[in-house]
Structure formats: structure tokens, C-alpha cells
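Worksheet: the structure to be examined is printed underneath.
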Amino acid sequence: MISETTSNYIAQVTQHLKSLDGIVDLVPSYTTLLVVFNDDCCDRFTICRTIRQTIEAIDPNDFALEDKREVVIPVYYGPEVGPDIQDVAEHCQLSMEDVIKRHSETTYRAYAIGFTPGFAFLGNTPEELHVPRKTTPRLKVPIGSVALAENQTAVYPSVTPGGWQIIGRTPVQLVDWGSENLALIAMGDSVRFEPISRDEFLVLGGQLDGF
Amino acid sequence: MAFKVIKPGLLALLQDLGRHGHQSLGLTTGGPMDEMAFRWSNALLDNDTNSAQIEITFGMFSLEAQADTSIAITGADLGATLNDKSISPWRSYAIKKGDVLAFHQPIWGLRAYLAVKGGFLCEPTLGSVATVMREKIGGLTGKGDKLQKGDVLKYQPFSNHQDRAVPRLAIPNYGQTEIPVILGYQYESFSTLERANFFSSDYRVSGNSDRMGYRLEGKVITSDLKGIISEGIAYGAIQVPKDGQPIVLLRDRQTIGGYPKIGCVTRYGGGTLSQQKPGDVIQFTPITVDQAERERHLQMSRLAQWR
């Protein structure tokens, strides 16, 4: 079942398995962890035993993850860059200000990364903000678009097609393969959105076009 | 010193064995669609296992050499010519300055591998030169571009050529249409009838197949599961979406997905599948993990012993 406890545990196990010999890749998600190992250097029985031993040595109640981080993402909310914000407000029977307030007051958890590189599935949005996906996905969602779908929210790290409801845009780059961190949000991180003005957005390098 | 691209063809990509260790960020691995063909090409030239090569899909690709070197060609027979003289795959060839190497169109298989002595010299992105166009990463530019006319593919000049050929026994049979499948952990969600249908029907490779996944058209199979909570996707995973038409996820697959999976093709089977063209017909056949492991070890030790 999807829960913060499960997600914490998976993040914790991922941390511990990272340094094991023979492990090539780890793909954590909501309730699962895919382990990719190199079968040219270790056999599956040995790797299974090592993984089991590593997992058994973890105290699931110990949530003090070494690198649990909080990521704050500045967002310019509004119809200029968030063409669906009015529809969302209408659907949720809230004012636009209330949509912004509720979206930015909540602290989210990155439950999974995928769809495109660096795309973090953030949950859960407050119930008042639950909206369906758009009936027809957009062919081109601009970089940095902040969007909602059902009980989740996300930022689009690159220009892709997408069916989520767009309410704003961040000037912050989510992925940078030239940087040391590569991606701003990792699975298990806490994420918060901070409303900024149009001017601040532009000063931070935000782009208004893209649709 | 370099090869200059004269004709870029349909799809020619720089590849190595892939970009590993970043799937948790949603970054796929890329890498050669036919891994054993890639490994043999480097072996023929006594290159490092991971030396960068060109994966040529379909053909219509040609290059001009600006310095002496040795090359090796493996994988599909794309009707290659060296200075207009036919040459066959699974061998190494001496290249002289000014030579023109061309790949025309598929005679047997779909993807050929071209290795050069010492590997193509290219700055890696995140530890790999593997080109993933969808993610705009890797390749000559680092931005995931396929090879273009005029591109310059650098290598170290080399003049001590040795003619070598892959032993016949080790050359895969791309006419093999039975693709081995290891049963997956959602196999139980397919009824006995659905499983029987899956393993006894012909599936046609759809025109929408690419490096990300091979879409198959044939008998509809359905899982008792409507969907699953999105989870990591292994190489070769066979997803069954709502329309019941299986998709085999390959080198450029997305890292997570929410469709039930009936099983997983092996790397060797995935290589054979990748050599099939749209319209070709394949069948799936179940194997155990033990059998898959034995097959892999056989392939790898054959290569190691030959080297």
C-alpha cells in the first residue's frame, strides 16, 4: 500500500543497498524496489543473500535517513504560465488564491521518479485540490510547469507531452546532467512550493513563453 | 583522424554498453539493442569491452575514412560495401585513408554494429556515450543526437591490421523466431487460458517498435489485474497494457511503469528480437531462470575463450 512509512522504508533500503558490490542500478518506486545486478561478476543466490542480510540489519523504525532533504521550489502561480489554474479553481470550488495557498502550504513527498528523467511524483495533495487529468493531453508542456493530477503534483523537468493540469511555473532547473546533483529531487525527499511574484520569477531566469 | 559521415541513413547512433546507476533519477540506460553482436565487434579488434561503436539501423549509411585503421562489423547483414566491394559481417577489415564504407539495406537482421580499433573517441555524458534521443543525452554532441551528414567520428590511427572472424558457432541466428521468456512475478495474474494463448500464438512486430520497446500485434491477452502501482521496469519486461497487445521493453525503456508484466525476455532473446523488422512474426517460449543463466554463461565464456 502507498504510504509515507513504506516510502521511507524503501528510501532507507535503497540507501543501504547502494554501496553493495555487484549492484548496478536501483529503481525505487511507491511500494517496490527494482535491483539490477551484474550477473557477470556475482550469481543470483549470493546477491539475494547479501540483499536479505542487508535488509534484515535495517531498523524500519529508524527514519533518520542520512540524506533526507527538504527541497523548496519557487513557483510563479497564475494563468499566464498556468493555463489550467482557473479550471482547477472552478472544479475545486475555490478561489485562485486558495488553490495557490493550499498547494504551497502542503509538504509533499517524492514517492517515485520516472515518466521522464527527473519527473518526481509528489504526494499527496490536499483533498480539496484533487482534479482529474485533462481529457486531451497537451502535446507540449513547457519546462518547469507545475501541475496537478488526482492526489499528486509534479514539475515537468523537460518539454514533453502531458495531461496534468498546469497551475504555475518554476524558474528552477530540475535536471542538469552537468551538475553534481544531476536532479533536484530524489525519491524520498520532502518538497515544498513557495509562491513568488512575476518579477521574482523573471529575475530568477523564468521564461513566460513555451506553449 | 576520423570517419566522416557521408550519408546519415535512417538511424545511426553511437552506443556503448549503457549508462548505468542513474535509473533512480528516471534516466534510462541506452546501450546496444543486440548486446552480443556489440561485444563480438569489440572482441574482433581486441578493444575494451565498452569501447564506443555505431549501431546502424536499417542502413543507407556511409562513411569516409581519413586515416588507416581496422574495423569490425557484426550484427545484421545490411549489404555493406567497402569501396563498392561487398563485405560480410562478423569479421574485421583493414581500412585505408580515403576508403568509403557503406551500409545499404537489410538482407538479414536489422541492426549492424561498426567498431573501430580503439573505439570511437567521444566525450561521455554521465559515464557513457550511449545515445538516448528521447532523453537528449549522449552521442557525439552529448545531446542525444543521431549521427548527421558531415559528423566527424574520431579514432586513433592504426596500421597493424589483423584479419579475424567470429567462429560460426557463435554467430546468432536472426531467423530464430522463438523468443525465450522468463516468467514474471505477475504471471499468476494471467489465467491458464491467457498463458496458453500467449505462448501458442504468433505475434507480429508493429511499425511502432523502436529502441524503447517492441510492440507486438496478435492474440489479445488479459491480466486479472487492472493496473499495478507503478514500479521499476527491468530490461526485457513484457508489459501487457489494457488493449492486451504485449510490449517488450528494451534498451531505451522508461524506468517505471504501471502495467502488469507476464514475463521478461533475456538479453540474448532481446537481441534476436531487436533484429526483427516491423511485420516479422515471432513466438514466445517459456524458459527457467536456470536455463537463461546457462545460455548467458555459454555466450559469455565462448567470447572470453576466443579473446
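Order-wise, the sequence lines are chains A and B.
Here this note's numbering is used: the first residue of the first sequence is 4, the next is one more, and so on.
Here this note's numbering is used: the first residue of the second sequence is 410, the next is one more, and so on.
Where a beta carbon is used, it is the ideal one built from N, C-alpha and C, also for glycine.
Here the structure is a predicted model, which is why all the values come from computation and not from measurement.
Let me know the secondary structure DSSP gives residue i once reduced to three states.
i: A/Val38; result: strand
i: A/Asp90; result: helix
i: A/Ile13; result: helix
i: B/Arg705; result: helix
i: B/Arg662; result: coil
i: A/Leu23; result: coil
i: B/Trp517; result: strand
i: A/Asp202; result: helix
i: A/Cys51; result: helix
i: A/Gln168; result: strand
i: B/Gly679; result: helix
i: B/Thr438; result: coil
i: A/Thr109; result: coil
i: B/Arg716; result: coil
i: B/Tyr644; result: coil
i: B/Ala446; result: helix
i: A/Ile58; result: helix
i: B/Arg573; result: coil
i: A/Tyr33; result: coil
i: B/Ser497; result: coil
i: B/Tyr668; result: coil
i: A/Gln18; result: helix
i: B/Thr601; result: helix
i: B/Leu592; result: strand
i: B/Gln557; result: coil
i: B/Gln432; result: helix
Using 10 angstroms around the beta-carbon of residue i, count the other beta-carbons present and answer buried if the total reaches 16, otherwise exposed.
i: B/His706; result: exposed
i: B/Leu602; result: exposed
i: A/Pro63; result: exposed
i: A/Val158; result: buried
i: B/Met542; result: buried
i: A/Val178; result: buried
i: A/Glu130; result: exposed
i: B/Asn456; result: buried
i: B/Arg620; result: buried
i: B/Leu472; result: buried
i: A/Arg52; result: exposed
i: B/Tyr594; result: exposed
i: B/Gln432; result: buried
CB-CB under 6 Å to residue i, same chain, minus the five flanking residues each way: which ones, in chain order?
i: A/Ile103; result: Tyr80, Pro198
i: B/Lys563; result: Ala411, Leu530
i: A/Ala189; result: none
i: B/Leu422; result: Glu464, Thr540, Lys555
i: A/Lys137; result: Gly166
Leaving out five residues before and five after residue i in sequence, what residues of the same chain have Cβ atoms less than 8 Å from its Cβ?
i: B/Pro515; result: Phe467, Gly468, Ala485, Asp486, Leu487, Gly488, Lys686
i: B/Tyr612; result: Leu625, Glu626, Gly627, Lys628, Pro655, Val690, Ile691, Gln692, Phe693
i: A/Ile5; result: Tyr33, Thr34, Tyr114, Gly126
i: A/Ile76; result: Val149, Val158, Thr173, Val175, Leu187, Val194, Arg195, Phe196, Glu197
i: A/Phe86; result: A quick correction: the sequence has Pro, not Phe, at residue 86 of chain A. These residues qualify, in order along the chain: Ile169, Phe214.
i: B/Leu578; result: Arg711
Please go through the same chain and pick out, in chain order, the residues whose beta-carbon is closer than 7 Å to the beta-carbon of residue i, but skip the five residues on each side of it.
i: B/Ser532; result: A small correction: the amino acid at residue 532 of chain B is Glu; Ser does not occupy that position in the sequence shown. Excluding residues within five positions, the ones whose Cβ falls inside 7 Å are Gly551.
i: A/Ser98; result: Ala92
i: B/Ala452; result: Leu712, Trp715, Arg716
i: B/His570; result: Ser479, Ala503
i: A/Leu20; result: Ile26, Leu29, Val38, Ile54, Thr57
i: B/Leu751; result: The structure shown does not extend to residue 751 of chain B, since chain B is modelled only from 410 through 716, so no value can be given for it.
i: A/Pro82; result: Ile88, Gln89
Kindly identify the DSSP beta-bridge partner or partners of residue i.
i: B/Ile463; result: B/Leu423, B/Leu523
i: B/Phe412; result: B/Ala474, B/Leu562
i: B/Thr483; result: B/Tyr522
i: B/Gln692; result: B/Glu587
i: B/Ile546; result: B/Val541
i: B/Ile504; result: B/Thr478
i: A/Asp28; result: A/Val39
i: B/Lys552; result: B/Gly547
i: B/Arg613; result: B/Glu626, B/Val690
i: B/Phe512; result: B/Phe470
i: A/Ile116; result: A/Ala123
i: B/Ser618; result: None; B/Ser618 has no bridge partner.
Round the Cβ separation of residue i and residue j to the nearest angstrom and send it over; I've been treating them as touching at under 8 Å.
i: B/Ala701; j: B/Thr675; result: 5 Å
i: B/Asp633; j: B/Ser600; result: 7 Å
i: B/Gly717; j: B/Gln684; result: Here chain B comprises residues numbered 410 to 716, so residue 717 of chain B is not present and cannot be evaluated.
i: A/Val134; j: A/Ala123; result: At roughly 18 Å, the Cβ-Cβ gap does not stay under 8 Å, so A/Val134 and A/Ala123 are not in contact.
i: A/Phe40; j: A/Val27; result: 6 Å
i: A/Gln168; j: A/Asp90; result: 7 Å
i: B/Gln663; j: B/Thr437; result: 7 Å
i: A/Thr119; j: B/Gly435; result: 6 Å
i: A/Val84; j: A/Leu211; result: 6 Å
Heavy atom of the ligand ATP less than 7 Å from the Cβ of residue i, yes or no?
i: B/Ile546; result: Only the bare structure without any ligand can be found here, which leaves the ligand ATP out of the picture.
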